[in-house]
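Under UniProt numbering, the first residue of the sequence shown carries the number 1, and numbering increases by one thereafter.
By construction, the Cβ of each residue, glycine as well, lies at the ideal position given by its N, Cα and C atoms.
So the structure is just underneath, and the comments pick up after that.
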Amino acid sequence: MSMAELVGLTVHVDTGRWSETVLEAVDLVVPEGQITALLGESGCGKSMVAAALTGSLPAVAHSTGEVRIDGAAVRDRRAWQQLRGNTVGLVPQSGVTAFAADKTVGAQLDELHRRHQAWSVEDACAAAQYPTDVFDLYPHQHSSGQIQRAALAAALLPAPDLLVVDEPSASLDPDTGYEVWVSLRKYATAGAAVLTITHDGPFLIDTRVADRMVVMRDGRVVVTGSATEVPALADPYVQGFFRRVGE
Ligand SMILES: Nc1ncnc2c1ncn2[C@@H]1O[C@H](COP(=O)(O)OP(=O)(O)OP(=O)(O)O)[C@@H](O)[C@H]1O
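Written as structure tokens, this is what we have:
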């Protein structure tokens with residue numbers, strides 16, 4: 001079964017000064033027990049998909065179509081308030097936005113643990129590779145890699161059924177990034193639906209960490225398939241995501 005689904009989702013952004021259709025009739029499923037990797041050129045709408053799936057679209061966005069969580073269409077802000085940070089978790093592209101600025105990260109992780117009583121702080125930090133020696137620092141005092149891992153720990157604490165991670169290893173050294181992916185793999189294997197946005201196609205081929213791949217272009221989904229099918233496609237746009245530097 002699909003834990004999360006976008007059905008014909010179109011998102012139009014209107015800032016008053018300019019407007020743009022950023023997602024166009026997107027159909028996408030995120031099945032439970034699997035990692036779905038979302039690839040696509042910069043600006044094609046991947047983060048908008050992440051936001052749509054987690055009820056986090058910006059105020060300037062207007063959407064038509066449906067977002068379904070656990071089979072049910074989510075239609076209003078109150079429904080999203082109940083799902084977000086409970087059933088549905090997002091690790092945003094910029095981890096610092098996951099935290100309030102005026103409290104230490106450690107205090108905020110402790111608070112999440114008390115509220116949800118799901119993962120322990122120790123286990124969430126270990127899975128996220130978050131170094132607890134920076135626990136007492138404020139969010140802005142973290143490096144981008146540290147705060148990204150803290151945001152993953154925060155997202156894991158409520159044990160969401162759907163976890164959306166916008167570039168899990170972008171700011172990390174290769175070994176730490178690999179360990180983060182291993183944790184995401186374990187989390188999916190334990191039953192969660194996981195969607196990860198990534199630019200690292202060769203990593204996906206080498207590690208076989210993802211089950212499914214979805215490729216986007218210009219606000220649309222252009223390819224969906226298994227993690228073995230998609231890299232084998234001859235389409236030059238798709239191939240571009242799996243080419244190694246220098247090839
Ligand atoms: N808060 C916002 N307000 C208005 N437009 C936005 C906002 N966030 C993103 N956009 C626009 O939506 C489009 C899709 O952006 P999005 O961040 O989803 O791309 P992306 O595929 O995640 O790119 P990248 O790989 O560079 O992170 C872009 O044209 C962007 O300018």
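Exercise. Looking only at DSSP bridge pairs, what is H12 linked to?
Worked result: Answer is T21 and H62, bridged to H12.
Exercise. When burial is assigned at 16 or more other CB atoms within 10 Å of the CB, is residue 248 buried or exposed?
Worked result: Residue 248 falls outside the range modelled here, since the chain spans only 1 to 247, and no answer is possible.
Exercise. Does at least one heavy atom of ligand 1 sit under 7 Å from the Cβ of T97?
Worked result: No, the Cβ of T97 stays beyond 7 Å of every heavy atom of ligand 1.
For this session: Consider the C-beta atom of S47 and the heavy atoms of ligand 1; say whether any pair is separated by less than 7 Å.
Result: Taken from the Cβ of S47, at least one heavy atom of ligand 1 lies inside 7 Å.
Exercise. Leaving out the 5 sequence neighbours to the left and right, which residues in its chain are closer than 7 Å to L163 when beta-carbon positions are compared?
Worked result: Closer than 7 Å at the Cβ level, and outside the excluded window around L163, lie G89, A155, Y187, A192 and V194.
Exercise. Using DSSP with H/G/I as helix, E/B as strand and the rest coil, what is D175?
Worked result: The answer is helix: DSSP assigns D175 an H, G or I state.
For this session: Identify whether A153 lies in helix, strand or coil by the three-state DSSP scheme.
Result: For A153, the three-state secondary structure derived from DSSP is helix.
Exercise. Could you give the C-beta distance for S47 and L9, rounded to a whole number, given that I count them as a contact under 8 Å?
Worked result: The beta-carbon distance between S47 and L9, rounded to whole angstroms, is 14 Å. This is too long to meet the 8 Å contact definition.
Exercise. Who does residue 261 pair with in a DSSP beta bridge?
Worked result: In the structure as shown, the chain starts at 1 and stops at 247, and residue 261 therefore has no counterpart that could be examined.
Exercise. Is H142 closer than 8 Å to V165 when the C-beta atoms are compared?
Worked result: H142 is positioned such that its CB atom lies no closer than 8 Å to that of V165.
Problem set entry | Any 3 or more C-beta pairs closer than 8 Å across the stretch 211-231 and the stretch 30-40 | At 8 Å Cβ cutoff, the stretches touch.
Problem set entry | Close-in-space but distant-in-sequence residues of the same chain around H12 (CB under 6 Å, 5 per side omitted) | Only T21 and H62 meet the Cβ criterion.
Problem set entry | Helix, strand or coil at V121 [DSSP, three-state] | DSSP places V121 in the helix class (H, G or I) of the three-state scheme.
Problem set entry | Neighbour-count burial assignment, D76, 16 or more Cβ in a 10 Å radius | Label assigned to D76: exposed.
Exercise. Do you know how far the Cα of A232 is from the Cα of R115?
Worked result: C-alpha separation (whole angstroms): 45 Å.
For this session: Would you check whether ligand 1 has a heavy atom nearer than 7 Å to the C-beta of G40?
Result: The nearest non-hydrogen atom of ligand 1 is less than 7 Å from the C-beta of G40.
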